[in-house]
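Structure first, then comments.
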Amino acid sequence: MELPLLIGIALILALLIKTFLIQAFSIPSDSMQNTLQRGDRVLVDKLTPWFGSEPERGEVVVFHDPGGWLEDTAAPKPNVAQKFLSFIGLMPSSEEKDLIKRVIAVGGDTVECKENGPVTVNGKALDEKSFIFPGNTPCNDKPFGPIKVGEGRIFVMGDHRQNSLDSRYHQELPGQGTVSNDEVVGRAIVVAWPVGRWATLPIPSTFDQPGLNAAAAIAPAALGVAGALPLVFWRRRRLTAGRTAG
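In the working numbering, the protein residues as written are 3 to 248.
Given below as structure tokens:
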């Protein structure tokens, strides 16, 4: 009697973990090489979005097809056992139309890339040597921008730039190829399989460079002006009062 109960509890726990905490995904293409290889299994953090966390620049994220990105891609047909294991989270789903890319810009950012030039975010050039595919250019196959990313949306690109149909190639769609934060499943945090490929997926240091956040760069100046205005008006009133009294 205990064995069926234990199996039932284990299945429920697996389903809860997959729904709210961590889910495994299989990499179906070469668009994220060399960071991710076709056939890699990654673990995706689904917990932090429940607490209001939003995608950040440099993160590798899994997201649902926003519409029109995978319309020509045929999904494989799993058998009954594969469907069940995918449902409870013990096997990556092969039916869901999900994509995995790197976040380059977030809501409020202006992103651009001219031919032979680097990708720039809010006027700051990104140094992408550590993660784009060797021999690739940042965007020579598809220069773009400037694009103003709407609030609550992200602009994504694959690390294998010349083999990635990312935000650059869907600018005719609503949002100019950007993806709604609501479509994001979570952040890929670990390459879990195969064992020899185990690795974490940190945010590259170029996304931490000073001044990249346009809002943060503007805010101190705005606060300074706001703080100075009362002093200016006070001084003018004193000078005016002095001239009137004299």
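Backbone N, C-alpha and C define an ideal beta-carbon position, used for all residues, glycine too.
Using only the alpha-carbon positions, how far apart do L167 and G160 sit? Your numbering for residue 167 matches position 165 in the sequence shown. Your numbering for residue 160 matches position 158 in the sequence shown. One Cα belongs to L167, the other to G160, and the distance between them is close to 8 angstroms.
Locate the beta strand (DSSP E) running through E114, then write down its first and last residues. On the sequence shown, position 112 is the one that residue 114 refers to. Following the DSSP letters along the chain, one finds E114 inside the beta strand (DSSP E) bounded by residues T112 to C115.
Cβ-based neighbour list, T37, same chain, cut-off 6 angstroms, excluding 5 preceding and 5 following: Stepping through the sequence shown from its first residue, residue 37 is reached at position 35. Excluding sequence neighbours, T37 sits near F133 and D161.
Out of N142, S207 and S55, point me to the one whose CA is closest to Y171's CA. For the purposes of this step, residue 171 is taken as residue 169 along the sequence shown, with counting starting at 1. The residue with the shortest Cα to Cα distance from Y171 is N142.
Is E73 buried or exposed, if buried means 16 or more other CB atoms sit within 10 Å of its CB? Indexing the sequence shown from 1 puts residue 73 at position 71. Around the beta carbon of E73, fewer than 16 other beta carbons sit within 10 angstroms, so the residue counts as exposed.
Are there 16 or more other CB atoms within 10 angstroms of the CB of N118, so buried, or fewer, so exposed? Counted from its first residue, the sequence shown places residue 118 at position 116. Exposed, by the Cβ-count rule.
By DSSP's criteria, V123 is part of a beta bridge. Which residues make up the other side? Locating residue 123 in the sequence shown gives position 121, where the first residue counts as 1. DSSP, once it has assigned bridges, lists V113 and K126 as partnering V123.
Sequence-distant residues of the same chain with beta carbon closer than 6 angstroms to E4, five excluded per side: Translated into positions along the sequence shown, residue 4 becomes position 2. Closer than 6 angstroms at the Cβ level, and outside the excluded window around E4, lies no residue.
When DSSP labels each residue in this structure, what does F59 get in the three-state scheme? Against the sequence shown, residue 59 aligns to sequence position 57. Here residue 59 is Arg; the residue named in the question, Phe, does not match the sequence. When DSSP states are grouped into helix, strand and coil, R59 belongs to the coil group.
Distance check for N165 and P136, CA to CA, integer angstroms please. Position 134 of the sequence shown, counted from the start, is the residue given in the question as residue 136. Position 163 of the sequence shown, counted from the start, is the residue given in the question as residue 165. As the crow flies, the alpha-carbon of P136 is around 12 angstroms from that of N165.
Grouping DSSP H, G and I as helix and E and B as strand, with all else coil, what is L5? Mapped onto the sequence shown, residue 5 falls at position 3. Per DSSP, reduced to three states, the secondary structure at L5 is helical.
Might you give, ordered along the chain, the residues of its own chain that have their beta carbon closer than 8 angstroms to the beta carbon of T314, omitting 5 neighbours on each side? There is no way to answer for residue 314, as the model of the chain reaches only from 3 to 248.
At what residues does the beta strand (DSSP E) containing K150 begin and finish? Your numbering for residue 150 matches position 148 in the sequence shown. Unbroken beta strand (DSSP E) run through K150: F146 to K150.
Which ranges does the beta strand (DSSP E) cover as unbroken runs of at least 3 residues, wholly within the segment 164–226, from first to last along the chain? Runs of the beta strand (DSSP E) spanning 3 or more residues and lying entirely within the segment 164–226 occur at 186–195, in chain order.
Nearest-angstrom Cα distance between V33 and P6? Indexing the sequence shown from 1 puts residue 33 at position 31. Indexing the sequence shown from 1 puts residue 6 at position 4. Strictly speaking, residue 33 in this sequence is Ser, with Val absent from that position. Cα to Cα, S33 sits roughly 43 angstroms from P6.
Would you call the segment 188–196 in contact with the segment 38–52, where contact means no fewer than 3 C-beta pairs closer than 8 angstroms? Output reads yes: the segment 38–52 touches the segment 188–196.
Cutoff 8 angstroms; reference Q39; Cβ partners in own chain excluding five residues on either side: The sequence position of residue 39 within the sequence shown is 37, counting from 1. If you ignore the 5 residues before and after Q39, its C-beta comes within less than 8 angstroms of the C-beta of I29, D32 and R199, all in its own chain and listed in chain order.
Determine which residues share a DSSP beta bridge with M159 and list them. Here residue 159 corresponds to residue number 157 of the sequence shown, with the count starting at 1. For M159, DSSP records a beta bridge to R104.
Could you spell out where the beta strand (DSSP E) holding I29 opens and where it closes? Residue numbering aside, residue 29 sits at position 27 when the sequence shown is read from its first letter. Premise fails: I29 is in no beta strand (DSSP E) and is neither H nor E.
Around the C-beta of D100, are 16 or more other C-beta atoms found within 10 angstroms, so that it is buried, or is it exposed? Residue numbering aside, residue 100 sits at position 98 when the sequence shown is read from its first letter. It counts as buried.
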